[in-house]
Amino acid sequence: MAELREAMFSEFIFINVYNQVLTLHVFVLVCIIDEPQKRLGAVAAADTLFAGQSLTANQTIVSKGGDFELGFFTPGKSLKHYLGIWYTEAYAQNRTVIWVANRDQPIIDLSSSELKLLENGNLVILNESKVSIWSTNSTSTASNSLELVLGDDGNLVLQDRLNPSVVIWQSFDHLTDTWIPGAKLKYDKRTKRALKLISWKNSEDPSPGLFSVELTSDSEVVIMWNGSRQYWTTGIWDGQGFSLVPEMKSRSTFNYSFTSNENESYITYFLYDQNMRARLKVDLTGQVKQFLRLEESKEWNLVLCKPLSLCDVYAYCGPFGCCNNVEDSSCQCLQGFKEKSLKDLNLGDPTGGCVRKTPLQCWQKDNFLLMPSMKSPANPVPSAVDSAANCKSACLNNCSCNAYAYNSTGCSLWYGDLLNIQQIDNGGDELYIRVGPFEVNSGKKESIHRPVTVGAITGALALLGLVLVAIWIWRNRGSVEIPNAVEGSLVAFTYRDLKTASKNFSEILGTGAFGSVFKGILPNSTLIAVKKLEGISQGEKQFEARLAPLG
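And the structure:
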């Protein structure tokens, strides 16, 4: 009986221990399953955010196919943060951002900021103070079935999952700088407004830049500068493609289509090969660039670039910046000007242009710098004068006039900033840029394109003067009385002799290193050039030692 009780007690202990171990395993398993949910901020699915859920600093949602990812990012070395969509690492070696939400409202402190889908259907970005800095401004009564989904086409959609055909909001209706397959580039005929692609300001700042792409009411795609100046167009749609872009008519890769109805007109495109990826963007250079990449490739290949030359981008080099169309389309500041922002220039944005090194004082002593072979800047103002001299005077007499040109068509004046300055290879006009009184060498005020170092010229004159003195002494050394000489050197004159010959150094020929060169006449009427040393001891021995190396 005792043995039976002992056996039953042992079995009870085994079962109890087993149940405790089983309970512990279940508890651990629950914790393991639940922990990712906590780390993901309760994001229920990889590609979806539900009402009441948030996305924080290091969290992302990824489209089902793994092509696109939504999250917070920091461009380059910037200290500012943005919410965006980019190609996942599976499709891009470096992060390629295609959409930015808060492009003009960056986040400073990302650690306590979040993207949140509110119960009322509004999608908001809350900063560190829990203040909304961006939102979709959307509403919905379907709070229990509301969801935000990132699709495999790169479109971020806010919808009712019980009725997904009804879109509450989508990123395809709010493009930034990039147009991908499936999205519409459209013109709304009811509001008479176009959905624009707008460039980044620079490589570290996605805020709206100067360049934009839009579909017009005339059914052509144009590139605009500052929303006001068109500088490139596709031409109109002819049924197969745009008339001025024959590359679009190739049906081997892209399938473009144009649709027009009573409410809107739009163009969209797809890829025939689903293993390819494509994107078209308005670059911060002002060019439209289209890239293509195979699925197995790690590099994007440029397949389209319009306009081809950077100098054909309106005001690419900014105010008072000259685009060199002859060499490499590089930007250079005009003489007398300097870069406005080296920081922006290093980030790929030269549109800030140049500013004057010395502000003009607006007086009659201002000069004009001649720049030959130039394409006339934008916005000339004609002036009814009958000569080049009068054209110059008309500009000089107006403090706001910064340049003039006179040719067969008459006189043109430019006021304010000079934009779209280009140096071209053939032809072109002579353009005169207004500069300060000391910006151009005296005697050649309108003929100098590039600055010449004055010191080099005067230094050469000084050396020539010394050589002439040495040659004259050498030729006349047998007939001239030499009061003093340095052993082994050429003949030497006293300071008094040279002072007398140069009439107390009264007629200057030029200046150079350590002194000036003066005209002199010897007693036998021979002309000489005398260099008077300055800034160092001028004793006879120093002057003799200066001549000695010439012997």
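At position 436 of the sequence shown (counting the first as 1) the number is 436 in full-length UniProt numbering, and the numbers step up by one without a gap. For glycine and all other residues, C-beta sits at the position ideal for the given N, C-alpha and C.
Whether Cys-401 touches Arg-434 by CB criterion (8 Å): On the sequence shown, residue 401 is found 401 positions in, with the first residue counted as 1. On the sequence shown, residue 434 is found 434 positions in, with the first residue counted as 1. For the 8 Å CB-CB criterion, Cys-401 and Arg-434 form a contact.
Alpha-carbon spacing of residue 601 relative to Pro-350, whole angstroms: Outside the shown range of the chain (1 to 551) lies residue 601, about which nothing can therefore be said.
Collapsed DSSP secondary structure at Asp-160 in the structure displayed: Residue numbering aside, residue 160 sits at position 160 when the sequence shown is read from its first letter. Three-state result, Asp-160: strand.
Cβ neighbours of Ser-138 in the same chain (closer than 8 Å, five flanking residues each side left out): Taking the sequence shown and counting its residues from 1, the one referred to as residue 138 is at position 138. Excluding sequence positions up to five before and after Ser-138, its CB lies within less than 8 Å of the CB of Gly-121, Asn-122, Leu-123, Leu-158, Ile-168, Trp-169, all in the same chain and listed in chain order.
Residue of Glu-295, Leu-304, Glu-296 minimising C-alpha distance to Val-288: In the sequence shown, counting from the first residue as 1, residue 288 sits at position 288. Of the candidates Glu-295, Leu-304, Glu-296, the residue whose Cα lies closest to the Cα of Val-288 is Leu-304.
Asp-386 versus Ser-250 - alpha carbon distance: Working through the sequence shown from its first residue, we reach residue 386 at position 386. Working through the sequence shown from its first residue, we reach residue 250 at position 250. Distance between Asp-386 and Ser-250, taken at the CA atoms: about 54 Å.
Thr-453 versus Tyr-269 - alpha carbon distance: Position 453 of the sequence shown, counted from the start, is the residue given in the question as residue 453. Position 269 of the sequence shown, counted from the start, is the residue given in the question as residue 269. In this prediction, Thr-453 scores a pLDDT of 35, lower than 50, which makes its location untrustworthy; the coordinate-derived value is nonetheless stated afterwards. Rounded to whole angstroms, Thr-453 to Tyr-269 spans 57 Å at the Cα level.
Continuous beta strand (DSSP E) assignments of at least 3 residues falling wholly in the UniProt domain "Bulb-type lectin" (46-171): Counting only runs of 3+ residues, the beta strand (DSSP E) found wholly inside the UniProt domain "Bulb-type lectin" (46-171) occupies 48-50, 60-62, 68-73, 82-87, 97-100, 114-117, 123-126, 132-135, 146-150, 156-160, 163-170, in chain order.
Beta-bridge pairing of Ile-236 - partner residues as DSSP gives them: On the sequence shown, residue 236 is found 236 positions in, with the first residue counted as 1. For Ile-236, which the question treats as bridged, DSSP gives the partners Glu-220.
Anticipated Cβ contact below 8 Å, Lys-340 with Cys-354, distance rounded: For the purposes of this step, residue 340 is taken as the residue at position 340 of the sequence shown. For the purposes of this step, residue 354 is taken as the residue at position 354 of the sequence shown. The pair is a contact, with the Cβ atoms about 6 Å apart (cut-off 8 Å).
Inter-residue spacing [alpha-carbon to alpha-carbon] between Ile-131 and Cys-322: On the sequence shown, residue 131 is found 131 positions in, with the first residue counted as 1. On the sequence shown, residue 322 is found 322 positions in, with the first residue counted as 1. Contrary to the premise, residue 131 reads as Val rather than Ile in this sequence. When the Cα atoms are used, Val-131 and Cys-322 turn out to be separated by approximately 45 Å.
Three-state class that DSSP yields for Glu-247 in the structure shown: Here the question's residue 247 lines up with position 247 in the sequence shown. Helix at Glu-247.
Helix, strand or coil at Leu-195 according to DSSP, with G and I counted as helix: Mapped onto the sequence shown, residue 195 falls at position 195. The answer is coil: DSSP assigns Leu-195 none of H, G, I, E or B.
Contacts around Gly-352, its chain only, beta-carbon distance under 6 Å, and the 5 residues preceding and following it disregarded: By 1-based counting over the sequence shown, the position of residue 352 is 352. Same-chain partners within the cutoff: Gly-318, Lys-340, Ser-341, Asp-344.
Among Arg-190, Glu-327, Asn-420, nearest to Gly-286 - alpha-carbon criterion: Here residue 286 refers to the residue found at position 286 when the sequence shown is read from its first residue. Measuring from the Cα of Gly-286, the nearest candidate turns out to be Asn-420.
Beta-carbon proximity list for Val-97, same chain, < 6 Å, skipping 5 on both sides: In the sequence shown, residue 97 corresponds to position 97, counting from 1. Answer for Val-97: Gly-84, Trp-86, listed in chain order.
Continuous beta strand (DSSP E) stretch holding Asn-398: start and end: For the purposes of this step, residue 398 is taken as residue 398 along the sequence shown, with counting starting at 1. If you look at Asn-398, you'll find it isn't in any beta strand (DSSP E); DSSP assigns it neither H nor E.
Beta-carbon proximity of Glu-295 to Asn-275, cut-off 8 Å: In the sequence shown, counting from the first residue as 1, residue 295 sits at position 295. In the sequence shown, counting from the first residue as 1, residue 275 sits at position 275. Less than 8 Å separates the beta-carbon of Glu-295 from that of Asn-275.
Identified DSSP bridge partners for Val-435: If you number the sequence shown from 1, residue 435 lands on position 435. For Val-435, which the question treats as bridged, DSSP gives the partners Asn-367.
Supposed close pair Asn-324, Gln-335 - CB separation, criterion 8 Å: Taking the sequence shown and counting its residues from 1, one reaches residue 324 at position 324. Taking the sequence shown and counting its residues from 1, one reaches residue 335 at position 335. Contact between Asn-324 and Gln-335 does not hold, since the beta-carbon distance rounds to 14 Å and is not under 8 Å.
Whole-angstrom distance between Ile-236 and Thr-259, CA atom to CA atom: As a working mapping, residue 259 is identified with position 259 in the sequence shown. As a working mapping, residue 236 is identified with position 236 in the sequence shown. Spanning the two alpha carbons is a distance of roughly 13 Å.
Pairwise C-alpha distance: Phe-320 and Arg-450: One-based indexing of the sequence shown puts residue 450 at position 450. One-based indexing of the sequence shown puts residue 320 at position 320. Because Arg-450 sits at a pLDDT of 35, beneath the cut-off of 50, its placement in the model cannot be relied upon, and the point is left open.
Contact belief for Leu-197 with Trp-179 at Cβ below 8 Å, rounded distance in angstroms: The residue you call residue 197 lines up with position 197 of the sequence shown. The residue you call residue 179 lines up with position 179 of the sequence shown. With a contact defined as Cβ atoms closer than 8 Å, Leu-197 and Trp-179 qualify at about 6 Å.
Reference Ser-217, options Tyr-231, Ser-207, Arg-190, closest by Cα: Looking up residue 217 in the sequence shown gives position 217. Of all alpha-carbon atoms in Tyr-231, Ser-207, Arg-190, the one lying nearest the alpha-carbon of Ser-217 is that of Arg-190.
Reduced DSSP category for Lys-186 - H, G, I as helix; E, B as strand; rest coil: One-based indexing of the sequence shown puts residue 186 at position 186. Strand at Lys-186.
Local conformation of Asn-379 per DSSP, three classes: Along the sequence shown, one-based indexing puts residue 379 at 379. The DSSP-derived three-state label of Asn-379 is coil.
Option nearest Arg-279 by Cα separation, candidates Ala-183, Lys-298, Glu-204, Thr-234: One-based indexing of the sequence shown puts residue 279 at position 279. The residue with the shortest Cα to Cα distance from Arg-279 is Ala-183.
Endpoints, the beta strand (DSSP E) within which Tyr-269 is located: Counting from 1 along the sequence shown, the entry for residue 269 is found at position 269. Element bounds for Tyr-269: 264-271.
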